[in-house]
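Those protein sequences? They're chains A and B, same order as listed. The first sequence begins at 2 in the numbering used here and counts up one residue at a time. The second sequence begins at 2 in the numbering used here and counts up one residue at a time. I have placed the structure first, in the form of structure tokens, so that the comments after it can refer back to it.
Protein chains: 2
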Amino acid sequence: MSAQVPEAMNWSTENCTISRTMQILGDKWTFHVLRELFVGVRRFEDIRVRAGIPRQVLTERLAALIERGLLRRHPYRLPGQRERYEYRLTQAGLDLYPVLVAMIQWGDQYLPLDGGPPIVPRHRDCGEQVSVVLRCEAGHEPEAREVAIRPGPTAKPRPLAS
Amino acid sequence: MSAQVPEAMNWSTENCTISRTMQILGDKWTFHVLRELFVGVRRFEDIRVRAGIPRQVLTERLAALIERGLLRRHPYRLPGQRERYEYRLTQAGLDLYPVLVAMIQWGDQYLPLDGGPPIVPRHRDCGEQVSVVLRCEAGHEPEAREVAIRPGPTAKPRPLAS
DNA sequence: TTGGCTGAGTCTGTCAAGCGGACTTATCCT
DNA sequence: AGGATAAGTCCGCTTGACAGACTCAGCCAA
Numbered sequence: 002m003s004a005q006v007p008e009a010m011n012w013s014t015e016n017c018t019i020s021r022t023m024q025i026l027g028d029k030w031t032f033h034v035l036r037e038l039f040v041g042v043r044r045f046e047d048i049r050v051r052a053g054i055p056r057q058v059l060t061e062r063l064a065a066l067i068e069r070g071l072l073r074r075h076p077y078r079l080p081g082q083r084e085r086y087e088y089r090l091t092q093a094g095l096d097l098y099p100v101l102v103a104m105i106q107w108g109d110q111y112l113p114l115d116g117g118p119p120i121v122p123r124h125r126d127c128g129e130q131v132s133v134v135l136r137c138e139a140g141h142e143p144e145a146r147e148v149a150i151r152p153g154p155t156a157k158p159r160p161l162a163s
Numbered sequence: 002m003s004a005q006v007p008e009a010m011n012w013s014t015e016n017c018t019i020s021r022t023m024q025i026l027g028d029k030w031t032f033h034v035l036r037e038l039f040v041g042v043r044r045f046e047d048i049r050v051r052a053g054i055p056r057q058v059l060t061e062r063l064a065a066l067i068e069r070g071l072l073r074r075h076p077y078r079l080p081g082q083r084e085r086y087e088y089r090l091t092q093a094g095l096d097l098y099p100v101l102v103a104m105i106q107w108g109d110q111y112l113p114l115d116g117g118p119p120i121v122p123r124h125r126d127c128g129e130q131v132s133v134v135l136r137c138e139a140g141h142e143p144e145a146r147e148v149a150i151r152p153g154p155t156a157k158p159r160p161l162a163s
């Protein structure tokens with residue numbers, strides 16, 4: 002069973018959706034930045050201090066996230082101060098919520114703290130806790146074990162490296 | 002509206018579930034490794050070639066994932082070869098499926114390829130496409146915009162740095 | 001009008017990590 | 001004995017992270 006070649010070996014990883022997504026998110030700091038924005042912290046200094054990011058790295062990550070369309074700069078002005086910019090999630094950024102929630106859910110299960118979770122995603126309307134579920138188009142809600150990743154229409158055969 | 006201090010500023014990031022989860026997953030290569038395991042590729046060389054990871058980095062990441070309990074080593078023997086080890090997901094590893102699926106879903110929406118997706122998560126039983134949905138305990142299925150991350154029982158007040 | 005404060009950066013030197021390529025080890029087959 | 005192969009280890013180079021100092025623009029108070 003373990004000896005036969007897995008089907009995936011026939012397919013290229015070149016255009017894989019996960020790779021392409023990780024080119025945007027796959028970095029130690031990017032998720033910390035996103036977390037701050039998701040909890041409502043939007044200003045450079047606040048993000049930097051709370052997330053503990055080196056300034057230079059934060060500058061660079063914010064620029065990258067803006068360029069990728071996950072954030073936009075938004076002017077604001079505190080009374081008696083000059084105009085500055087804060088960073089806000091675009092719709093594309095907001096739509097990462099399921100990823101965040103899935104990560105929180107996993108962390109709560111496998112890295113639990115005594116006394117419960119420090120952060121909880123909640124439905125604004127009703128206040129109940131929000132979680133993420135897998136669901137197929139036929140309406141089933143499969144366990145992880147019942148899901149398989151299959152090639153789609155643009156799967157490319159793998160260049161046969163010897 | 003944007004001037005008032007966001008509630009999150011009162012809370013420490015120190016024990017945040019996202020941070021703790023990112024300490025395990027938050028690395029350029031870890032998700033690539035997990036992807037290979039999720040699609041069924043389990044052997045060192047296969048993972049290395051498909052994911053394009055430097056050997057040394059792969060060695061180190063596999064060890065870390067084993068130590069964190071997401072993988073285990075499993076002996077196998079090809080006919081006419083000596084015994085070797087392959088890497089398999091534990092239940093903890095498998096339970097990252099929602100994170101993976103959420104990332105694929107986001108990528109398919111915001112980084113689409115002409116002609117459709119290269120990989121598709123499917124329900125093994127019925128073959129239908131699997132996606133991830135947000136759901137609250139009252140049974141609503143909120144949009145991203147209707148979800149908020151709130152402090153939980155172990156939220157810690159932030160040490161007031163001046 | 002000068003001087004200080006503040007948020008949001010930029011600059012600089014150090015040091016760890018990633019990287020490709022060569023080398024190693026253990027076992028099997030011929 | 002010689003060769004093949006999977007799974008590493010070793011080496012030197014380069015890239016990026018990092019801490020800490022410096023800059024810049026606009027506002028305020030004296």
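Don't be surprised by glycine CBs; every beta carbon is placed ideally from N, CA and C. Since the model is a prediction, treat every value here as computed from it, not as a measurement.
Restricting attention to Leu63/A, Tyr86/A and Tyr77/A, the CA atom closest to the CA of Leu71/A is found in Leu63/A.
Contact annotation: the stretch 70 to 86 of chain B does not touch the stretch 33 to 46 of chain A, with fewer than three C-beta pairs closer than 8 Å.
Between the C-alpha atoms of Val121/B and Gln130/B there is a straight-line separation of about 7 Å. Among the residues of chain B, none has a CB under 9 Å from the CB of Gly81/A; the nearest is roughly 11 Å distant. Here Ala139/A is exposed: its Cβ has fewer than 16 other Cβ atoms, across all protein chains shown, within 10 Å. In terms of Cβ geometry, Val134/A and Glu142/A form a close pair [threshold 7 Å].
Judged by their CB atoms, Pro119/B and Gly153/A are nearer to each other than the 7 Å cut-off.
The C-beta of Gly108/B has 16 or more other C-beta atoms within 10 Å across all chains shown, which makes the residue buried. DSSP lists Arg123/B as the beta-bridge partner residues of Gln130/B. Distances from the CA of Ala52/A to each of Gly53/B, Arg21/B and Arg151/B were compared; the closest alpha carbon is that of Arg21/B. Contact check for Leu90/A and Leu38/A: beta-carbon distance about 5 Å, within the 8 Å limit, so the pair qualifies. For the set Ile150/B, Gln82/B and Asp96/B, the Cα lying nearest the Cα of Glu144/A is the one of Asp96/B. The alpha-carbon of Gly116/B is positioned some 6 Å away from that of Thr155/A.
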